[in-house]
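Offset between the sequence shown (1-based) and our numbering: plus 997.
Below: the structure, in structure tokens.
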Amino acid sequence: MTKAEIIAEISTKTGIEKLDVQEAVEAFFKVIKNSMVSGENVYVRGFGSFVVKKRATKTARNISKNTAIIIPEHFVPSFKPAKVFVEKVKNGNVTKLAAAAEEAKTAAEA
């Protein structure tokens, strides 16, 4: 699902114009990006956490030149889904997989 599809679905479900929804979605992402750039984590209860993870300095190999390179310490954005969200996805996919398997079995018998 793309950002445009998310905006369209929110617009149809809420009755708010697409332009207003787009501005709200863009503002949401902008706040998350700016918070993470400044080193703050963002927690959305029931959805997940946008966290900044620290990667330690490490030594890597340049295979083509056969040399060692040092990768400096750096920070990367990460997302950790909430347990409730993970359970919903697991249960939703199990139901879909069971329905698909039943359809395939019915089609094979026919």
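Note that CB positions come from ideal geometry on N, CA and C, so glycine has one too.
Bear in mind that the values here come from a model prediction, so they are computed numbers and not experimental data.
Which class does residue i belong to by DSSP, given the choice of helix, strand or coil?
{"i": "G1089", "result": "helix"}
{"i": "T1064", "result": "strand"}
{"i": "T1054", "result": "coil"}
{"i": "F1076", "result": "strand"}
{"i": "S1008", "result": "helix"}
Do you know offhand how far residue i's Cα is from residue j's?
{"i": "N1115", "j": "F1044", "result": "The structure shown does not extend to residue 1115, since the chain is modelled only from 998 through 1107, so no value can be given for it."}
{"i": "K1080", "j": "K1062", "result": "45 angstroms"}
{"i": "K1027", "j": "F1082", "result": "23 angstroms"}
{"i": "K1042", "j": "K1085", "result": "One detail in the question is off: residue 1042 reads as Arg in this sequence, not Lys. Going from the Cα of R1042 to the Cα of K1085 covers about 14 angstroms."}
Taking its Cβ as the centre, do 16 or more other Cβ atoms sit within 10 Å of residue i, making it buried, or is it exposed?
{"i": "I1004", "result": "buried"}
Using the DSSP secondary-structure output, state which residues sit across from residue i in a beta bridge.
{"i": "N1059", "result": "T1064"}
{"i": "E1046", "result": "According to the sequence shown, residue 1046 is Ser rather than Glu. DSSP output for S1046 lists Y1040 and K1077 as bridge partner(s)."}
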